[in-house]
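If you want it as structure tokens, here you go:
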């Protein structure tokens, strides 16, 4: 009788470790973006990060192969290629460009909290697109509280009763909307990874395909925007190079092996709670290493959004 309980406990512990690993890697992305932006443009970070990530996953696949390949997959790797391109666009290329650009105008702690609204969008999309799903009163309350938290964050040090008055600490609207647009892309990819890739490929091979798909869109966009052939002098800082490598290897490479494994093991709902941890890690990393301050408004928004996400993720 004790053996199944032990196995269940071990299974659950692995799921939480995968969740923590994803939250830490994605939470550090905002900090590394700040450093990389000292020498690279947003499009260079997107193309460079995805290229390094794809190379990292390709090397892993060549060295160790795929240990958890699905039995009798309905489609091969190359038959999944259209999905790779679509997921690469929605999961990596478009959000990376939007977030990297917005970070030139926003503190990384604020960006991290805004990205933490992904489960809010996922709750709405689940009710619309997943058969049998509904928006309960608890989930609706969570959505309202979540957007109230975003309004508090966007209004800086103003109080919840003074949200519509301009203040000197207000965040610029367009960068805030850009980060929210990036957050909207992620729930779509969550469904695509589970339904389209889960039955066909193991986590390493699926992650490799997603990164390759992202490279095919990110690199042409970078070439179009930066026109590197016209650059006469380019001397990136060593710290920027290191940050870009860290982004590629961890934040856009290894993290997807953990994330896809988590989706396949624990399902969509549990995997989406990674976005509960991302703003926490992102905020504290920004405060600890980037000299950012934890203001009262930031604390209020953080607590309110986290509570709203907890409500949105409840079963009842």
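Numbering (this note's numbering), first residue to last: 2 to 317.
Think of the CB as a built atom: it goes at the ideal place given N, C-alpha and C, for glycine as much as any other residue.
Nothing here was measured: the structure is a model prediction, and the numbers come from that model.
For the pair residue 188 and residue 119, the CB atoms are nearer than the 8 Å cut-off. Counting only residues of its own chain and dropping the five nearest sequence neighbours on each side, residue 179 has a CB closer than 6 Å to the CB of 99 and 103. In this structure, residue 227 lies near residue 45, with their beta-carbon atoms less than 8 Å apart.
Residue 114 is positioned such that its CB atom lies closer than 8 Å to that of residue 280.
For residue 186, the enclosing alpha helix (DSSP H) has its first and last residue at 174 to 193. Counting the other CB atoms within 10 Å of its CB gives residue 209 a total of 16 or more, which places it among the buried residues. Our two residues, residue 28 and residue 252, have alpha carbons roughly 9 Å apart in a direct line. Considering only 97, 207 and 139, the residue with the shortest C-alpha distance to residue 67 is 207. Residue 78 carries a coil assignment under DSSP once its states are collapsed to helix, strand and coil.
Of all C-beta pairs linking the region 87 to 99 to the region 45 to 59, three or more are shorter than 8 Å, placing the two stretches in contact.
Distance from the CA atom of residue 78 to the CA atom of residue 261, rounded to whole angstroms, is 15 Å. Residue state for residue 228 is assigned as coil, using DSSP reduced to three classes. Look at residue 70 here: in three-state DSSP terms it is coil, with no helix or strand label. In this structure the region 241 to 248 does not lie against the region 191 to 208, because fewer than three pairs of beta carbons, one per stretch, are closer than 8 Å. In the three-state scheme derived from DSSP, where H, G and I count as helix and E and B as strand, residue 41 is classed as coil. Here DSSP, grouped into helix, strand and coil, assigns residue 236 to coil.
Contact between residue 259 and residue 23 holds: their C-beta atoms lie close to 5 Å from each other, under 8 Å.
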